[in-house]
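Q:
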Ligand code: NAP
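Numbering (my numbering), first residue to last: 1050 to 1336.
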């Protein structure tokens, strides 16, 4: 591949990175909008992140997407941050602005846009939501639900101390009431829950899925899984079997990429059915 001086280059930094769908996603848009820029996967180990970031800044990159395990480090290294990055303490976008590094978090807006698209604007307004997990994705999920007007957000995590830490961190940034719950509290809560979000890494290919019971959720409840490989996780399969509404992780992935692509290449791209079909094909190993 040859890049002329006028073409913009960006990429995704993570470890491991071979599984990332971001090059497929941004590559689709680069072709669709007839742009000659490039988007490359960049495998970087945890201890090499800050050195790699400085090198990439000097190598003409517009910016980077940041994935596991670097999202917290990206936030910590930045000179300036957007509100979502400050609230979550994590960044999935780095932009190089001259000598300055700007960190942004579009996971929050990405999930909110996906939930709105699938459920409508008011589906969780004034309602109760349960978020499984207490990592970076959980923090983004809590803020996304808050932005959609949820009244109560309950955080359930394998390690309860981490759930309490997340609650302590995010309570100052959210209008909703946020609390940590234990598995014992689930049966009493479930009948009033409008949305369950799996923000753990459980359910990823080859790993067991969350075992939380969906039996006593209301009939109009929805279940969202942020895991997108496999696309239909065992949790979503159980939700479908109960005829609950389901939202897979591809929606968030596509929507979080919109503002990154716009920052890197100057065009706000559209999330379309053909983009989804392309990514589904890539997940099946065909693209
Ligand atoms: P993370 O910071 O490493 O957190 C992982 C969370 O999963 C922790 O709460 C951990 O619990 C929990 N967990 C891991 N294995 C578990 C198991 N077997 N049973 C129960 N809980 C388990 O990861 P993250 O960045 O938050 O990402 C979480 C998931 O979200 C990943 O699958 C990631 O791919 C996905 N994600 C998707 C998108 C998207 O666009 N769709 C965006 C971001 C993330 P402990 O605290 O007890 O260890």
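Cβ atoms here follow ideal geometry from the backbone N, Cα and C, with glycine treated the same way.
Please name the residue in 1064, 1134, 1072, 1227 whose C-alpha comes closest to that of residue 1101.
A: Of 1064, 1134, 1072, 1227, the residue nearest in Cα terms is 1064.
Q: Is residue 1305 near ligand 1, with its Cβ less than 7 Å from a heavy atom?
A: At least one heavy atom of ligand 1 is nearer than 7 Å to the Cβ of residue 1305, so yes.
Q: Please name the residue in 1059, 1279, 1127, 1286 whose C-alpha comes closest to that of residue 1260.
A: Here the closest residue by C-alpha is 1286.
Q: Does the region 1188–1198 come close enough to the region 1158–1170 to have 3 or more Cβ pairs within less than 8 Å?
A: Yes, they touch.
Q: So, with DSSP's three-state summary, where would you put residue 1072?
A: Looking at residue 1072 - three-state DSSP - the assignment turns out to be helix.
Q: Does DSSP put residue 1275 in a helix, in a strand, or in coil?
A: Three-state result, residue 1275: coil.
Q: Determine, using beta-carbon pairs with one atom in the region 1320–1332 and one in the region 1086–1098, whether at least three such pairs fall under 8 Å.
A: No, the region 1320–1332 is not in contact with the region 1086–1098.
Q: On the DSSP letters alone, give me the boundaries of the beta strand (DSSP E) that residue 1045 sits inside.
A: This structure leaves residue 1045 out entirely; the chain is present only between 1050 and 1336.
Q: Within the present structure, is the beta-carbon of residue 1295 separated from the nearest heavy atom of ligand 1 by less than 7 Å?
A: No - ligand 1 has no heavy atom lying nearer than 7 Å to the Cβ of residue 1295.
Q: According to the neighbour-count rule (16 or more other Cβ atoms, all chains shown, within 10 Å of its Cβ), is residue 1319 buried or exposed?
A: With fewer than 16 Cβ atoms within 10 Å of its Cβ, residue 1319 is classed as exposed.
Q: What does residue 1326 pair with, by DSSP beta-bridge criteria?
A: None, per the DSSP bridge assignment.
Q: Can residue 1277 be considered in contact with ligand 1, in the sense that its beta carbon sits closer than 7 Å to one or more heavy atoms?
A: Yes - ligand 1 has a heavy atom lying nearer than 7 Å to the Cβ of residue 1277.
Q: Do residue 1187 and residue 1224 count as a contact pair if the criterion is CB distance below 8 Å?
A: For residue 1224 and residue 1187, no; Cβs fall outside 8 Å.
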